[in-house]
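One structure below.
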Amino acid sequence: MGSWFRAGAWKSAVARVVFVSVAWWALCDGDPKSFTFGLPVVLTVSVVSFLLSPPRGYGWRLTEVLRFAGFFLAGSVHGGFDVARRALAPSLPISPVFVRYRMRLPQGAPQTVFRITLSLMPGTLNADVLGDELVVHSLVDRGEGIHHELENLEWRVSRLFGLGIPPPEPAHA
Amino acid sequence: MSPLELLSAAFLLAGAAFCLAGTVGVLRFPDVYCRLHALTKVDNLGLGLVVAGLALQSASWATALKLFLVWLFVLISSAFTCQLIARAALRRGAVPSGGRREP
Chain A
5 MGSWFRAGAW KSAVARVVFV SVAWWALCDG DPKSFTFGLP VVLTVSVVSF
55 LLSPPRGYGW RLTEVLRFAG FFLAGSVHGG FDVARRALAP SLPISPVFVR
105 YRMRLPQGAP QTVFRITLSL MPGTLNADVL GDELVVHSLV DRGEGIHHEL
155 ENLEWRVSRL FGLGIPPPEP AHA
Chain B
382 MSPLELLSAA FLLAGAAFCL AGTVGVLRFP DVYCRLHALT KVDNLGLGLV
432 VAGLALQSAS WATALKLFLV WLFVLISSAF TCQLIARAAL RRGAVPSGGR
482 REP
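In order, the protein sequence lines correspond to chains A and B.
To get my numbering, take the position in the first sequence, counting from 1, and add 4.
To get my numbering, take the position in the second sequence, counting from 1, and add 381.
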């Protein structure tokens, strides 16, 4: 239990308690009468969350989380538009391809976040994981473009966790 | 109708249109992997728009936030489900249409 109180663990603890409290408040439509029951629930859920997934002390910052959320939202809207357009176009303009990608992110939460977000980004979908290597399915074969997009997304995820991964090199068109 | 109701209706209609487009994609795309693209991306955008439209009409901030949480959790679970289905299909040898490129 002592390892919970490293620097960074406190921030994680506060963030989780705040998230669970806000979720309870939303679930009960902000009814003040629910708080007497909500307090033990929030405490129990927070403790269980720490037992199942102890904070690992990533150096994340709220500004980076918001920046990533904005990027993710824009990307998933773009992804939805793109696939919807291709599904409705009479000529069905798709050229599906599988590519392999070696992840530079460490295992655990960073890789998981990367895999979830890449599945919602335009055109790419995580199909399988073989160690540090991803099998990515792309709806449209854009050649090297797919690789550069994955590198860019990986770099953004690494910033989210405060990890140092070199930014992608500019694409050679 | 107030401007807020109009905006809400626009969001709801756009959401419905995307859900329809996602279903068309599931029917038209050639293999399981392409269909997953339609299911995850288009339907998440459709659900997000429906949630935004409903949140505009909701009586309180708490209800709006509850709707947002619904969207967030559906987003996470659909990303995971999509990955599990794709992996199961790959390992069972479902034949993909299109190419395969090694690095």
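No residue lacks a Cβ here, since even glycine has one placed at the ideal position from N, Cα and C.
Nothing here was measured: the structure is a model prediction, and the numbers come from that model.
query	result
Segment contact, 8 angstroms Cβ cut-off, at least three pairs: the region 412-422 of chain B with the region 124-140 of chain A	yes
Per-residue DSSP class, three states only, for tyrosine 62 of chain A	coil
Three CB pairs or more closer than 8 angstroms across the region 42-57 of chain A and the region 450-469 of chain B	no
Contact test: leucine 43 of chain A Cβ vs the ligand MN heavy atom, cutoff 7 angstroms	The ligand MN is absent from the structure shown, which contains no ligand whatsoever.
N-terminal and C-terminal residue of the alpha helix (DSSP H) that serine 142 of chain A is part of	First-last for serine 142 of chain A: 137-142, but that is the beta strand (DSSP E), not the alpha helix (DSSP H).
Counted within 10 angstroms of its Cβ, other Cβ atoms place glycine 168 of chain A as buried (16 or more) or exposed	exposed
Contact set between tryptophan 29 of chain A and chain B, taken where Cβ atoms lie within less than 8 angstroms	Ala443, Leu446
The region 388-406 of chain B / the region 134-143 of chain A touching (three or more Cβ pairs under 8 angstroms)	no
Phenylalanine 454 of chain B burial status per 10 Å Cβ neighbour count (16 or more: buried)	exposed
Contacting positions in the region 117-132 of chain A - beta carbon closer than 7 angstroms to chain B	Arg119, Ile120, Ser123, Leu124, Leu129, Asn130, Ala131, Asp132
Residues of the region 100-112 of chain A with Cβ closer than 8 angstroms to any Cβ of chain B, in chain order	Pro100, Val101, Phe102, Val103, Arg104, Tyr105, Arg106
Start and end residues, alpha helix (DSSP H) containing phenylalanine 392 of chain B	384-409
Residue range of the unbroken alpha helix (DSSP H) whose run includes arginine 160 of chain A	148-164
Helix, strand or coil at aspartate 412 of chain B [DSSP, three-state]	coil
Backbone secondary structure at leucine 129 of chain A - three-state DSSP	strand
Bridge partner(s) assigned by DSSP for arginine 104 of chain A	A:Val139
Closest Cα partner of proline 58 of chain A within the set A:Asp136, A:Gly135, A:Gly112	A:Gly112
Of the listed residues B:Ala469, B:Leu387, B:Ala419, B:Ala470, nearest to leucine 401 of chain B (C-alpha basis)	B:Ala419
Contact with chain B by serine 80 of chain A, beta-carbon distance below 8 angstroms	yes
Partner residues on chain A for glutamine 464 of chain B, Cβ-Cβ distance less than 9 angstroms	Arg119, Ile120, Ser123, Leu129, Asn130, Ala131, Asp132, Val133
Beta carbon of serine 162 of chain A nearer than 8 angstroms to that of leucine 109 of chain A	yes
Serine 99 of chain A (DSSP reduced to helix, strand or coil)	strand
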